[in-house]
Amino acid sequence: MSGIVIAGVSRIFGTVRAVDNIDLTVAPGEFFTLLGPSGCGKTTLLRMIAGFSELDSGEIRFGDSRIDKLSAHRRDIGMVFQNYAVFPNLSVAGNVAYGLKARRVPAAEVATRVEEALALVQLAGYGERLPHQLSGGQLQRVAIARALVIRPQVLLFDEPLSNLDARLRVSMRSEIRALQKSLGITAIYVTHDQEEAMSVSDRIALMNAGRLEQVGVPAEIYRTPATRFAAEFMGTTNLVAAQVLGLAAPVTVSLRPEALRFAEDAPADWPRLPGIVAAIEMLGPITRLDLRLANGEILRMATLDTPQRTVQVGQAATLAYDPARLTVIP
Ligand SMILES: Nc1ncnc2c1ncn2[C@@H]1O[C@H](COP(=O)(O)OP(=O)(O)OP(=O)(O)O)[C@@H](O)[C@H]1O
Ligand SMILES: [Mg+2]
24 MSGIVIAGVS RIFGTVRAVD NIDLTVAPGE FFTLLGPSGC GKTTLLRMIA GFSELDSGEI
84 RFGDSRIDKL SAHRRDIGMV FQNYAVFPNL SVAGNVAYGL KARRVPAAEV ATRVEEALAL
144 VQLAGYGERL PHQLSGGQLQ RVAIARALVI RPQVLLFDEP LSNLDARLRV SMRSEIRALQ
204 KSLGITAIYV THDQEEAMSV SDRIALMNAG RLEQVGVPAE IYRTPATRFA AEFMGTTNLV
264 AAQVLGLAAP VTVSLRPEAL RFAEDAPADW PRLPGIVAAI EMLGPITRLD LRLANGEILR
324 MATLDTPQRT VQVGQAATLA YDPARLTVIP
């Protein structure tokens, strides 16, 4: 198991600084996620770690050894892609065996290691099937088995779940994390989905236009976003001028929808905000509600489903907010 050091790494395509002087340290055994919107440089950085793209500056180390000059197959990494990249004409076992054969592992050992890898991803007994006989979730497991079978120091995932339906994505992401933790492999995971990132990661690096916006554990980035971009990217929030909330300082604050409640449900010392209900959205376990304040500003609130309460658009309502959950945005 080894950690990863990324030091001053850049990649420039023409006028685009796809990855712009990034410094990161990933601890041994850590599940580390690169999160950010389309085009922010996630895949480019991952490809540089994998050895599929050159660095324009900087260096990358696994443990004590510098690896950015090594060719991809000598870096001791396993990689799982968005589109699985499974060979359609090879059986499941053939796909998983591929990397071992390329490394000239003896046939008897290949057979046992393929079986072990398939068992790890819960596909024992599927070795003879062809890829077209598998579901999307099973194909993605083949791709994971193929990456694991070479027993890499480092596992890289580039949006591995984006081709799966919502339910399967949720179950596969916890499977991937459980597997990574049980094997103790260092993992770097790329996604543009903040909920997926928060659910699987030990730490997240939020990227924006080739740069790091914030690095931290999920709760820290969600609860105390360092920038306006981080506040907005990590989920719904209210960015309001402090005077709207009756605070003196002329700053912008972030107030998450779940930090607001109906006044009658809130502690007496939470500040009150009277307004008019402008919209209601029932999402099952939670209801989202927009409140229009006297100055026209809209505050978004989320509450757990409360069947005994009737709220209608156009009705006056007073909300209260938890002052401890205000985050000042610099
Ligand atoms: N081979 C290339 N040639 C020119 N520009 C490139 C190349 N690869 C990436 N880029 C540009 O670099 C930037 C970062 O691309 P990258 O694929 O790393 O983004 P990403 O964060 O993975 O996005 P997505 O979430 O859409 O996959 C983009 O502006 C992209 O257009
Ligand atoms: Mg990408």
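Under my numbering, think of the first position of the sequence shown as 24, with each following residue one higher. A virtual CB, placed ideally from N, CA and C, is assigned to each residue, including glycine.
### Query
Around ligand 4, which residues pass a check of Cβ closer than 5 Å to any of its heavy atoms?
Looking for ligand 4 in the displayed structure turns up nothing; the ligands present are ligand 1 and ligand 2.
### Task
Tell me whether Glu236 is buried or exposed, calling it buried when 16 or more other Cβ atoms sit within 10 Å of its Cβ.
What you label residue 236 is simply residue 213 of the sequence shown in a count that begins at 1. Counting Cβ neighbours within 10 Å, Glu236 comes out buried, since at least 16 surround it.
### Through-space distance from Tyr149 to Glu53, alpha-carbon basis
For this step, residue 53 is matched to residue 30 along the sequence shown. For this step, residue 149 is matched to residue 126 along the sequence shown. The C-alpha of Tyr149 is placed about 30 Å away from the C-alpha of Glu53.
### Message
Report the CB separation of Leu57 from Val213 in whole angstroms; it is logged as a contact under 8 Å.
### Response
Position 34 of the sequence shown, counting from 1, holds the residue named residue 57. Position 190 of the sequence shown, counting from 1, holds the residue named residue 213. In this structure, Leu57 and Val213 form a Cβ contact; the two beta carbons are roughly 5 Å apart against a cut-off of 8 Å.
### Extent of the continuous alpha helix (DSSP H) to which Thr135 belongs
By one-based count along the sequence shown, residue 135 stands at place 112. According to the DSSP assignment, Thr135 belongs to the alpha helix (DSSP H) that extends over 130-143.
### Message
Measuring only from the beta carbon, is Asp181 closer than 7 Å to any heavy atom that is part of ligand 2?
### Response
Taking the sequence shown and counting its residues from 1, one reaches residue 181 at position 158. Asp181 Cβ: within cutoff of ligand 2.
### Query
Among Leu78, Ser222, Asp43, Pro346, which has the Cα closest to the Cα of Leu278?
Stepping through the sequence shown from its first residue, residue 278 is reached at position 255. Answer by Cα proximity: Pro346.
### Query
Excluding five sequence neighbours on each side, which residues of the same chain lie with their C-beta closer than 6 Å to the C-beta of Asn118?
Along the sequence shown, read from residue 1 onward, the residue named residue 118 stands at position 95. Counting only residues of its own chain and dropping the five nearest sequence neighbours on each side, Asn118 has a CB closer than 6 Å to the CB of Val109, Phe110, Val165, Arg169.
### Query
By Cβ distance, which residues of its chain are closer than 7 Å to Met257, with the 5 residues on each side in sequence left out?
Here residue 257 corresponds to residue number 234 of the sequence shown, with the count starting at 1. A distance below 7 Å between beta-carbons, with the five flanking residues on each side excluded, links Met257 to the following residues of its chain, in chain order: Gln217, Ile244, Tyr245, Pro248.
### Query
Roughly how many angstroms separate the alpha carbons of Arg251 and Ala228, rounded to a whole number?
Numbered from 1 along the sequence shown, position 228 holds the residue referred to as residue 251. Numbered from 1 along the sequence shown, position 205 holds the residue referred to as residue 228. One C-alpha to the other measures close to 15 Å.
### Task
Would you mind listing the beta strand (DSSP E) stretches within the segment 54-107 that are 3+ residues and don't spill past its ends, in chain order?
Listed in chain order, the complete beta strand (DSSP E) runs (minimum 3 residues) inside the segment 54-107 are 54-58, 80-85, 100-103.
### Simplified DSSP state of Pro297, which is helix, strand or coil
Here residue 297 is taken as the residue at index 274 of the sequence shown, counted from 1. In the structure shown, Pro297 sits in a strand (DSSP, three-state: E or B).
### Query
Under three-state DSSP, which class holds Gly307?
Here the question's residue 307 lines up with position 284 in the sequence shown. The three-state secondary structure of Gly307, taken from DSSP, is coil.
### Cutoff 7 Å; reference Thr66; Cβ partners in own chain excluding five residues on either side
By one-based count along the sequence shown, residue 66 stands at place 43. Excluding residues within five positions, the ones whose Cβ falls inside 7 Å are Asp181, Val213.
### Message
On a Cα-Cα basis, can you pick out the residue from Glu320, Val28, Ala147, Val300 that is closest to Leu312?
### Response
Taking the sequence shown and counting its residues from 1, the one referred to as residue 312 is at position 289. Leu312 has its Cα closest to that of Val300, out of Glu320, Val28, Ala147, Val300.
#### Entry: Residue from Arg84, Ser61, Gly269, Thr209 whose Cα sits closest to the Cα of Ile29
Counting from 1 along the sequence shown, the entry for residue 29 is found at position 6. Answer by Cα proximity: Arg84.
### Message
Determine whether the beta carbon atoms of Ala140 and Leu184 lie at a separation below 8 Å.
### Response
Position 117 of the sequence shown holds residue 140. Position 161 of the sequence shown holds residue 184. In this structure, Ala140 sits away from Leu184, with a CB-CB distance that is not shorter than 8 Å.
### Query
Does DSSP put Ala228 in a helix, a strand or coil?
Here residue 228 is taken as the residue at index 205 of the sequence shown, counted from 1. For Ala228, the three-state secondary structure derived from DSSP is strand.
### Task
Can you check the segment 177-213 for any alpha helix (DSSP H) of at least 4 residues that lies completely inside it and give the ranges in chain order?
Fully enclosed alpha helix (DSSP H) runs of 4 or longer: 189-206.
### Query
Among Met305, Phe55, Asp292, Val103, which one has its Cα closest to the Cα of Arg332?
In the sequence shown, the residue the question calls residue 332 occupies position 309. With distances taken between CA atoms, Arg332 lies nearest to Met305 out of Met305, Phe55, Asp292, Val103.
### Query
Does the distance from the CB of Pro308 to the CB of Asp288 come in under 8 Å?
Locating residue 308 in the sequence shown gives position 285, where the first residue counts as 1. Locating residue 288 in the sequence shown gives position 265, where the first residue counts as 1. Their beta carbons are not under 8 Å apart, which means Pro308 does not touch Asp288 by this criterion.
#### Entry: Nearest residue (CA-CA) to Asp87, options Ala189, Val49, Lys124, Asn186
Along the sequence shown, one-based indexing puts residue 87 at 64. Minimum Cα-Cα distance from Asp87 among the listed residues Ala189, Val49, Lys124, Asn186 corresponds to Val49.
### Query
Quick one: what does DSSP say Phe285 is sitting in, helix, strand or coil?
Position 262 of the sequence shown, counting from 1, holds the residue named residue 285. DSSP places Phe285 in the strand class (E or B) of the three-state scheme.
### Query
What is the DSSP secondary structure of Asn318, counted as helix, strand or coil?
Residue mapping note: residue 318 aligns to position 295 of the sequence shown, counting from 1. In this structure, Asn318 counts as coil in the three-state DSSP scheme.
### Query
When DSSP builds the beta bridges, which residues end up paired with Asn261?
In the sequence shown, counting from the first residue as 1, residue 261 sits at position 238. Listed as beta-bridge partners of Asn261 by DSSP are Leu278.
### Task
Let me know the secondary structure DSSP gives Ile173 once reduced to three states.
Indexing the sequence shown from 1 puts residue 173 at position 150. In this structure, Ile173 counts as coil in the three-state DSSP scheme.
### Query
Can the beta-carbon of Val275 be found less than 8 Å from the beta-carbon of Arg323?
Sequence index remark: in the sequence shown, residue 275 carries index 252 (1-based). Sequence index remark: in the sequence shown, residue 323 carries index 300 (1-based). The sequence shown places Thr at residue 275, rather than the Val named in the question. 8 Å or more divides the Cβ of Thr275 from the Cβ of Arg323.
### Ala339 in three-state terms, based on DSSP
Walking along the sequence shown from the start, residue 339 turns up at place 316. Three-state DSSP puts Ala339 in a strand.
### Query
Hey, Ala210 and Phe55 are a contact pair by Cβ (cut 8 Å); roughly how many whole angstroms apart?
Working through the sequence shown from its first residue, we reach residue 210 at position 187. Working through the sequence shown from its first residue, we reach residue 55 at position 32. Sure, about 7 Å apart at Cβ, within 8 Å.
### Message
By the three-class DSSP mapping on this structure, what secondary structure does Tyr344 have?
### Response
In the sequence shown, the residue the question calls residue 344 occupies position 321. In this structure, Tyr344 counts as strand in the three-state DSSP scheme.
### Message
Per the DSSP calculation, Leu47 is bridged to which residue(s)?
### Response
Here residue 47 refers to the residue found at position 24 when the sequence shown is read from its first residue. Per DSSP, the beta bridge partners of Leu47 are Ile29.
### Query
With distances taken from CA atoms, which of Ile208, Pro51, Phe285, Ile352 is nearest Ala339?
On the sequence shown, position 316 is the one that residue 339 refers to. Of the candidates Ile208, Pro51, Phe285, Ile352, the one whose C-alpha sits nearest the C-alpha of Ala339 is Phe285.
### Task
Could you check what DSSP says for Gly37 in three-state terms: helix, strand or coil?
Walking along the sequence shown from the start, residue 37 turns up at place 14. The answer is coil: DSSP assigns Gly37 none of H, G, I, E or B.
### Query
For Ile208, does the count of other Cβ atoms within 10 angstroms reach 16, so buried, or fall short, so exposed?
To locate residue 208, count along the sequence shown from 1; it is residue 185. With 16 or more other Cβ atoms inside 10 Å of its own Cβ, Ile208 counts as buried.
#### Entry: Where Leu146 sits in the DSSP three-state scheme
For the purposes of this step, residue 146 is taken as residue 123 along the sequence shown, with counting starting at 1. It is coil, neither helix nor strand.
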